[in-house]
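Participant:
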Amino acid sequence: MAEQPNLLFVNLAVTDLDKSIAFYKTLGFEFNPQFTDENATCMIVNEGAFVMLLVEKFFQNFTKKSIADSNSITEAIMSITVNSREEVDQFVEKALAAGGTTSNEKMDEGFMYSWSFQDIDGHLWEVLYMDPSAING
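See the structure below:
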């Protein structure tokens, strides 16, 4: 029997699940209806990475710690790659048009280009393009 590849699930607390789903649908993400109810949804990033958006009260069931106020405290920075510099700009522009806010200005390191935004709950997202010819592999 072949081993299953490791999957990544990032869990984010959200204040309004429906608004969060609408925000991320605007960015082109799809959701797995099998893992969606009034408390949570599973956003599909790719075949091995997912973001669970959990209503704050439900999220609290999984931790004994306080939930960070992501509007004032950085809990993490989620980074996602795209295929070109133009896609970086288009992705962030969609996020801003859907209610997100700018986090940092565009950063151009030559082989790597990025721009970041905060979603409607203040979670930090970085969108980046890395020139494949510059990556040693």
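The sequence shown finishes on residue 136 if you use numbering that gives the first Met the number 0, and the numbering steps up by one all the way, no holes.
The C-beta atom is built at its ideal place from N, Cα and C for all residues, glycine as well.
Are there 16 or more other CB atoms within 10 angstroms of the CB of Phe49, so buried, or fewer, so exposed?
Facilitator: Phe49 is buried by the Cβ-count criterion.
Participant: Measuring CB atoms only, is the segment 118-125 touching the segment 93-106, in the sense that at least three cross pairs come out at less than 8 angstroms?
Facilitator: Cβ pair count under 8 angstroms is three or more, so yes.
Participant: State the DSSP-derived secondary structure class of Glu46, mapped to helix, strand or coil.
Facilitator: Looking at Glu46 - three-state DSSP - the assignment turns out to be coil, as it is neither helix nor strand.
Participant: Tell me whether Asp107 sits in a helix, a strand or coil according to DSSP, three-state version.
Facilitator: DSSP places Asp107 in strand when its eight states are reduced to three.
Participant: For Val9, which residues from the same chain have a beta carbon less than 6 angstroms from its beta carbon, with the 5 sequence-adjacent residues on both sides left out?
Facilitator: Excluding sequence neighbours, Val9 sits near Val50.
Participant: On the three-state DSSP scale, how would you describe Ala39?
Facilitator: Ala39 falls in the strand class under three-state DSSP.
Participant: What does DSSP give as the partner residues of Leu123 in its beta bridges?
Facilitator: Ile76 and Gln117.
Participant: Tell me the DSSP bridge mates of Thr14?
Facilitator: Its beta-bridge partners do not exist; DSSP assigns none.
Participant: Along the chain, where does the beta strand (DSSP E) containing Phe30 start, and where does it finish?
Facilitator: Note, Phe30: beta strand (DSSP E), Glu29 to Asn31.
Participant: Helix, strand or coil for Leu95, going by three-state DSSP, please let me know.
Facilitator: DSSP places Leu95 in helix when its eight states are reduced to three.
Participant: Can you give me the Cβ contacts of Val54 inside the same chain, cut-off strictly under 6 angstroms, excluding the 5 residues immediately before and after it?
Facilitator: Answer for Val54: Leu16 and Asn38, listed in chain order.
Participant: Give the DSSP-derived three-state secondary structure of Ser65 in the structure shown.
Facilitator: Coil, per DSSP.
Participant: Report the rounded CA-to-CA distance for Met129 versus Val81, giving the unit in angstroms.
Facilitator: Between Met129 and Val81, the C-alpha separation is close to 8 angstroms.
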